[in-house]
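Residue numbers (full-length UniProt numbering): 1 to 133. The C-beta atom is built at its ideal place from N, Cα and C for all residues, glycine as well. Since the structure comes first, as structure tokens, the remarks are kept for the end.
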């Protein structure tokens, strides 16, 4: 039997409160999940929240981790606040949780290019092949 590849989708677009936002990413993940084990790490700024929110659940057979970050992460610009609220640090923490829970991935697909996703890829998982769409 052929080993199923473990694929991590990094994206800033994925359905949540707006069910059509990023639907093409979700449909792509569903299609690939027929032959691969898929995990989605979705990170987005949310102007309606005051604190960082992290969720994890299985949706249509796909493990989805969501990271919601306030739009204005800091009312002052202290070094401590900037480190505590840094998107890269929180994405890395969620990534480490994913690795702890299910192990590392064989390939990473970066959907919807964004500076923080590219930096996340280079910072946290540079030893894993990456595919950027």
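For residue i, report the span of its alpha helix (DSSP H) as first-last.
i	result
residue 100	87-102
Please classify residue i: is it buried, with 16 or more other beta-carbons within 10 angstroms of its beta-carbon, or exposed?
i	result
residue 9	buried
residue 2	exposed
residue 57	exposed
residue 109	buried
residue 87	buried
With H, G and I counted as helix, E and B as strand and the rest as coil, what does DSSP make of residue i?
i	result
residue 51	coil
residue 20	coil
residue 15	coil
With a CB to CB cut of under 6 angstroms and the five nearest residues on each side skipped, what residues in its chain are close to residue i?
i	result
residue 4	36, 37
residue 25	11, 13, 14, 111
Could you pull out every residue in the same chain whose Cβ sits closer than 7 angstroms to the Cβ of residue i, ignoring the five residues on either side in sequence?
i	result
residue 22	11, 13, 14, 15
residue 18	none
residue 50	70
residue 60	30
By Cβ distance, which residues of its chain are closer than 8 angstroms to residue i, with the 5 residues on each side in sequence left out?
i	result
residue 65	39, 40, 41, 42, 54, 55, 56, 94, 97, 98
residue 7	32, 36, 37, 38, 39, 105, 106, 107, 108, 109
From what residue to what residue does the beta strand (DSSP E) around residue i run?
i	result
residue 3	Counting along the chain, residue 3 falls outside any beta strand (DSSP E), and DSSP gives it neither H nor E.
residue 69	62-70
residue 39	36-46
Subject >> the region 25-32 contacting the region 45-52, beta-carbon criterion three pairs below 8 angstroms >> reply: no
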